[in-house]
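S.K.: If you read the protein sequences in the order shown, they are chains A and B. All residue numbers for the first sequence refer to the numbering used here, where the first residue is 3 and numbers rise by one. All residue numbers for the second sequence refer to the numbering used here, where the first residue is 23 and numbers rise by one. Yeah, the Cβ is synthetic: ideal placement off N, Cα and C, and Gly gets one too. One structure coming up, written as structure tokens, with questions to follow.
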Amino acid sequence: MVNSVSMLKISDLNVYYGAIHAVKGVSFEVEKGEIVTLIGANGAGKSTTLNSVAGLLKPRTGSVEFEGESLIGVPAHKMVSKGIALCPEGRRIFQDMTVRENLEMGAFTRSDEEAHEMRKVVYERFPRLLERRTQPGGTLSGGEQQMLAMGRALMSKPKLMMLDEPSMGLAPILVQEIFQIIKDLNEQGTTILLVEQNASMALSIADRAYVLETGRVTMSGNANDLLHDKRVREAYLGG
Amino acid sequence: MGFLSNLINGISLGSVYAIIALGYTMVYGIAKMLNFAHGDVIMVGGYLCFIGMSSLGLPTVVAVLLSIVGCTCLGIVVERLAYKPLREAPSLAVLITAIGVSYFLQNSALLIWGADPKVFKSIVDLPSISLFDGQLVIGPINLVTALTCLVIMVCLTLFTSRTKMGKAMRACSEDKGAAQLMGINVNTTISMVFAIGSGLAAIAGVLLCSTYPTLMPTTGALPGIKAFTAAVIGGIGSIPGAALGGVLLGIIEIFAKAYIGTQLADAIVFGVLIVMLLIRPAGLLGKEIHEKV
Chain A
3 MVNSVSMLKI SDLNVYYGAI HAVKGVSFEV EKGEIVTLIG ANGAGKSTTL NSVAGLLKPR
63 TGSVEFEGES LIGVPAHKMV SKGIALCPEG RRIFQDMTVR ENLEMGAFTR SDEEAHEMRK
123 VVYERFPRLL ERRTQPGGTL SGGEQQMLAM GRALMSKPKL MMLDEPSMGL APILVQEIFQ
183 IIKDLNEQGT TILLVEQNAS MALSIADRAY VLETGRVTMS GNANDLLHDK RVREAYLGG
Chain B
23 MGFLSNLING ISLGSVYAII ALGYTMVYGI AKMLNFAHGD VIMVGGYLCF IGMSSLGLPT
83 VVAVLLSIVG CTCLGIVVER LAYKPLREAP SLAVLITAIG VSYFLQNSAL LIWGADPKVF
143 KSIVDLPSIS LFDGQLVIGP INLVTALTCL VIMVCLTLFT SRTKMGKAMR ACSEDKGAAQ
203 LMGINVNTTI SMVFAIGSGL AAIAGVLLCS TYPTLMPTTG ALPGIKAFTA AVIGGIGSIP
263 GAALGGVLLG IIEIFAKAYI GTQLADAIVF GVLIVMLLIR PAGLLGKEIH EKV
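In structure tokens, the structure reads:
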């Protein structure tokens, strides 16, 4: 990892909601091929950071570089063609559109042939989506919706996939399944930036982690080390 | 035969309302705003076609096309100049702006074309169809209007269910943020919807003026409001709802005129709206909106 070039480099990021300073000088890096996780309590600024990278929020200062190119000022709808996909918090699948249409939207910037090709790949990975392809997204269960959201993000063949709280509201058995899928995706070459409140699960699959507290990075390092760190265990892993 | 003839007139007028209501409902669906200037685009469409046919002496088809293209451009320009800067503004500001645009269009028409009514020549120059030994007479424009509405409905349904842009439009209507994450340019999509809605308004204007040939700067105002009513009755945001609401409203209006009284017809039309809002606030085909927790 010493010689690899940073895929995503965030430096001194400051994001405000009106007068509220939500992200205060956050810096971190994601190397190609890694799983990096941002953990922290509710309101620590994790989602805000991801949404800023995705272009949904405009940071006030700081830099966001992807493969050496600045993303500041790039509108959200241009991120997909740069190779960045965000699987947003709360999944935000299109409820009234069928599973198949949701996947098609994921490949909006791709040609019809590529979309067709990717749909096969996604159905292979998520056989349940194939079964439910003609159902409206809103009729799926929580776990299926999360799979649809991930499948949809996958449709654009992203180099970097950002996932915001993929375990939220899911039964423990499903959480296991979702994290296994994230691991598989990473092994097949997708770089992952994962935001999670479920710190133990996130740390167990990640290479490196950053701990966010009230808008600041307070700890960072090897995920396995953090998993056994006394302070992390007390604050986020229930002792 | 009187009943049948009223029904045909009702369906014809309702088809015009339906075409206008489609524009209202699509714009509401994606931009979550009531474009009260929509009715006035109908009037502009009527004038453009009138000028094309009588002043420029263009063939009917070309004049109609001119009207559609003109209104499509007008729709895009109005959205860009008046509504786009207010994308993040409170909905009341957008509503007031739409009313302002409505007055702007009416008064511009007054300046350009004057206050005296123009007599619009029907775009369909065919003799009436006489059935049952002349007991039932059908105006050819009625058939053309109903048929046009049907074709538009089929095209729009195919567009929104089969094409990539149509699906992108539905995605934007549901969740603009998520749509952007898919790579969909929301601003372009909203422009496109305004373009389609305004093009439809032009068609509605031409058909309306062909049936009721008096063309004035205020021609579009009342049909616009009634089409809005139709869109609400059908369920605002719903495309089939707008068509259903439009046709129903047209039939109710014509029957009210025939059997109750001309003066009361409009009151009855809006009375239906009030009753509908009391019984089924989401409209006939509208979805109940649940507060998300």
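Just to check my reading of the structure: residue 275 (chain B) and residue 35 (chain B) have Cβ atoms closer than 8 Å, yes? What is that Cβ distance to the nearest angstrom?
M.R.: In the second sequence, the residue the question calls residue 275 (chain B) occupies position 253. In the second sequence, the residue the question calls residue 35 (chain B) occupies position 13. Yes, residue 275 (chain B) and residue 35 (chain B) are in contact; Cβ-Cβ is about 6 Å, under 8 Å.
S.K.: Looking at residue 169 (chain B): is its Cβ nearer than 9 Å to the Cβ of residue 160 (chain B)?
M.R.: Start at 1 with the first residue of the second sequence, and residue 169 (chain B) comes out as number 147. Start at 1 with the first residue of the second sequence, and residue 160 (chain B) comes out as number 138. No, they are not a contact pair.
S.K.: Since residue 42 (chain A) and residue 167 (chain A) are thought to touch, with beta carbons under 8 Å apart, how far apart are those beta carbons, to the nearest angstrom?
M.R.: Along the first sequence, read from residue 1 onward, the residue named residue 42 (chain A) stands at position 40. Along the first sequence, read from residue 1 onward, the residue named residue 167 (chain A) stands at position 165. The pair is not a contact, with the Cβ atoms about 11 Å apart (cut-off 8 Å).
S.K.: Is residue 315 (chain B) close to chain A? Criterion is C-beta to C-beta, closer than 9 Å.
M.R.: For the purposes of this step, residue 315 (chain B) is taken as residue 293 along the second sequence, with counting starting at 1. With a pLDDT of 45 at residue 315 (chain B), under the threshold of 50, the modelled position of this residue cannot be trusted; read the value that follows with caution. Chain A, which has no Cβ nearer than 9 Å to the Cβ of residue 315 (chain B), makes this no.
S.K.: Does DSSP put residue 4 (chain A) in a helix, a strand or coil?
M.R.: Counted from its first residue, the first sequence places residue 4 (chain A) at position 2. Reliability fails at residue 4 (chain A), whose pLDDT of 46 lies under 50, so the model's placement of it is uncertain and the value that follows must be treated cautiously. Residue state, collapsed to three classes: coil.
S.K.: Can you name, in chain order, every residue of its own chain whose Cβ lies under 8 Å from the Cβ of residue 102 (chain A), other than the five neighbours on each side?
M.R.: If you number the first sequence from 1, residue 102 (chain A) lands on position 100. Result list for residue 102 (chain A): 121, 135, 136, in chain order.
S.K.: State the DSSP-derived secondary structure class of residue 140 (chain B), mapped to helix, strand or coil.
M.R.: Here the question's residue 140 (chain B) lines up with position 118 in the second sequence. Strand at residue 140 (chain B).
S.K.: How long is the line joining the alpha carbons of residue 129 (chain A) and residue 34 (chain A), rounded to whole angstroms?
M.R.: Within the first sequence, the letter at position 127 stands for residue 129 (chain A). Within the first sequence, the letter at position 32 stands for residue 34 (chain A). Using only the alpha carbons, I get a separation of about 28 Å.
S.K.: Counting contacts by CB-CB distance shorter than 9 Å, is residue 82 (chain A) in contact with chain B?
M.R.: In the first sequence, the residue the question calls residue 82 (chain A) occupies position 80. Chain B contact via Cβ: present.
S.K.: Give the residues of chain A in contact with residue 283 (chain B), contact being defined as C-beta atoms less than 7 Å apart.
M.R.: Residue 283 (chain B) sits at position 261 when you count from the first residue of the second sequence. Here the premise fails: no neighbours, minimum Cβ distance about 42 Å.
S.K.: The ligand NAD and residue 306 (chain B): does the residue's C-beta get closer than 8 Å to at least one heavy atom of that ligand?
M.R.: As presented, the structure is devoid of all ligands, the ligand NAD included, so that no description of it is given.
S.K.: Please identify the residue among A:148, A:212, A:162 whose C-alpha is closest to the C-alpha of residue 91 (chain A).
M.R.: Along the first sequence, one-based indexing puts residue 91 (chain A) at 89. Ranking A:148, A:212, A:162 by Cα distance to residue 91 (chain A) puts A:148 first.
S.K.: Around the Cβ of residue 93 (chain B), are there at least 16 other Cβ atoms within 10 angstroms (buried) or fewer (exposed)?
M.R.: On the second sequence, position 71 is the one that residue 93 (chain B) refers to. Buried, by the Cβ-count rule.
S.K.: For the beta strand (DSSP E) that contains residue 209 (chain A), what are its first and last residues?
M.R.: Against the first sequence, residue 209 (chain A) aligns to sequence position 207. From DSSP, residue 209 (chain A) is part of no beta strand (DSSP E); its letter is neither H nor E.
S.K.: Is there a C-beta anywhere in chain B that falls below 9 Å from the one on residue 78 (chain A)?
M.R.: As a position in the first sequence, residue 78 (chain A) is number 76, starting the count at 1. Chain B, which has a Cβ nearer than 9 Å to the Cβ of residue 78 (chain A), makes this yes.
S.K.: Less than 9 Å separating the beta-carbons of residue 10 (chain A) and residue 67 (chain A)?
M.R.: Counting from one through the first sequence, the residue named residue 10 (chain A) turns up at place 8. Counting from one through the first sequence, the residue named residue 67 (chain A) turns up at place 65. In contact: residue 10 (chain A) and residue 67 (chain A) (Cβ atoms closer than 9 Å).
S.K.: What does residue 195 (chain A) pair with, by DSSP beta-bridge criteria?
M.R.: Stepping through the first sequence from its first residue, residue 195 (chain A) is reached at position 193. Partner(s): A:38, A:164.
S.K.: With 9 Å set as the bound, which would you pick, yes or no: does the beta-carbon of residue 308 (chain B) sit closer than that to a beta-carbon of chain A?
M.R.: Looking up residue 308 (chain B) in the second sequence gives position 286. By this cut-off, residue 308 (chain B) is not an interface position.
S.K.: Determine the burial state of residue 142 (chain B): buried for a count of at least 16 other Cβ atoms within 10 Å of its Cβ, exposed for fewer.
M.R.: Against the second sequence, residue 142 (chain B) aligns to sequence position 120. With 16 or more Cβ atoms within 10 Å of its Cβ, residue 142 (chain B) is classed as buried.
S.K.: Let me know the secondary structure DSSP gives residue 99 (chain A) once reduced to three states.
M.R.: Sequence index remark: in the first sequence, residue 99 (chain A) carries index 97 (1-based). In this structure, residue 99 (chain A) counts as coil in the three-state DSSP scheme.
S.K.: Looking at the structure shown, is residue 23 (chain A) part of a helix, part of a strand, or coil, going by DSSP?
M.R.: For the purposes of this step, residue 23 (chain A) is taken as residue 21 along the first sequence, with counting starting at 1. Here residue 23 (chain A) sits in strand by DSSP.
S.K.: Under 8 Å: do the region 58-67 of chain B and the region 177-195 of chain B share three or more Cβ pairs, one atom per stretch?
M.R.: Contact between the region 58-67 of chain B and the region 177-195 of chain B is absent, because fewer than three Cβ pairs lie under 8 Å.
S.K.: Which whole-angstrom value describes the C-beta separation of residue 257 (chain B) and residue 263 (chain B), a residue pair presumed to lie in contact below a C-beta threshold of 8 Å?
M.R.: By 1-based counting over the second sequence, the position of residue 257 (chain B) is 235. By 1-based counting over the second sequence, the position of residue 263 (chain B) is 241. That belief holds up - the Cβ atoms of residue 257 (chain B) and residue 263 (chain B) are roughly 4 Å apart, short of 8 Å.
S.K.: Which residues bound the beta strand (DSSP E) around residue 280 (chain B)?
M.R.: For the purposes of this step, residue 280 (chain B) is taken as residue 258 along the second sequence, with counting starting at 1. Element bounds for residue 280 (chain B): not the beta strand (DSSP E) but the alpha helix (DSSP H), 261-281.
S.K.: Please name the residue, chosen from A:55, A:63, A:95, that lies closest to residue 249 (chain A) on a Cα-to-Cα basis.
M.R.: As shown, chain A starts at 3 and ends at 241. That puts residue 249 (chain A) outside it, with no answer to give.
S.K.: Output the boundary residues of the beta strand (DSSP E) element that contains residue 158 (chain B).
M.R.: The sequence position of residue 158 (chain B) within the second sequence is 136, counting from 1. 158-160 is the extent of the beta strand (DSSP E) around residue 158 (chain B).
S.K.: Alpha carbon to alpha carbon, how far is residue 111 (chain B) from residue 223 (chain A)?
M.R.: Looking up residue 111 (chain B) in the second sequence gives position 89. Looking up residue 223 (chain A) in the first sequence gives position 221. In a straight line, the C-alpha of residue 111 (chain B) is about 43 Å away from that of residue 223 (chain A).
S.K.: Confirm, please, whether the CB-CB distance from residue 38 (chain A) to residue 150 (chain A) is below 9 Å.
M.R.: Residue numbering aside, residue 150 (chain A) sits at position 148 when the first sequence is read from its first letter. Residue numbering aside, residue 38 (chain A) sits at position 36 when the first sequence is read from its first letter. Against a cut-off of 9 Å, the Cβ pair of residue 38 (chain A) and residue 150 (chain A) comes out as no contact.
S.K.: Can you give me the start and stop residues for the beta strand (DSSP E) that residue 68 (chain A) sits inside?
M.R.: On the first sequence, position 66 is the one that residue 68 (chain A) refers to. Residue 68 (chain A) -> beta strand (DSSP E) spans 63-68.
S.K.: By a C-beta neighbour count over all protein chains shown, 10 Å radius and 16 as the cutoff for buried, is residue 17 (chain A) buried or exposed?
M.R.: Taking the first sequence and counting its residues from 1, one reaches residue 17 (chain A) at position 15. So residue 17 (chain A) ends up on the buried side.
S.K.: In the region 95-107 of chain A, which residues sit with their C-beta less than 7 Å from some C-beta in chain B, listed in chain order?
M.R.: Against chain B - using a Cβ distance shorter than 7 Å - the residues of the region 95-107 of chain A are 96, 97, 98, 99, 103, 106, 107.
S.K.: Compute the beta-carbon to beta-carbon distance between residue 27 (chain A) and residue 97 (chain A), rounded to the nearest angstrom, for a pair I have assumed lies under 8 Å.
M.R.: The residue labelled residue 27 (chain A) in the question sits at position 25 within the first sequence. The residue labelled residue 97 (chain A) in the question sits at position 95 within the first sequence. That belief does not hold up - the Cβ atoms of residue 27 (chain A) and residue 97 (chain A) are roughly 38 Å apart, past 8 Å.
S.K.: Would you list the one or two residues that DSSP bridges to residue 221 (chain A)?
M.R.: Looking up residue 221 (chain A) in the first sequence gives position 219. BP columns for residue 221 (chain A) point to A:213.
S.K.: For the beta strand (DSSP E) holding residue 151 (chain B), just list the boundary residues, first then last.
M.R.: Here residue 151 (chain B) refers to the residue found at position 129 when the second sequence is read from its first residue. Where residue 151 (chain B) is concerned, the enclosing beta strand (DSSP E) stretches over 151-153.
S.K.: Got a sec: is the Cβ-Cβ distance from residue 109 (chain B) to anything in chain A below 9 Å?
M.R.: Position 87 of the second sequence holds residue 109 (chain B). No, because no Cβ of chain A sits closer than 9 Å to the Cβ of residue 109 (chain B).
S.K.: Can you find the residues in the same chain that come closer than 8 Å, C-beta to C-beta, to residue 291 (chain B), ignoring five residues on each side of it along the sequence?
M.R.: Taking the first residue of the second sequence as 1, we reach residue 291 (chain B) at position 269. Cβ neighbours of residue 291 (chain B) beyond the five flanking positions: 248, 251, 271, 274, 275, 278.
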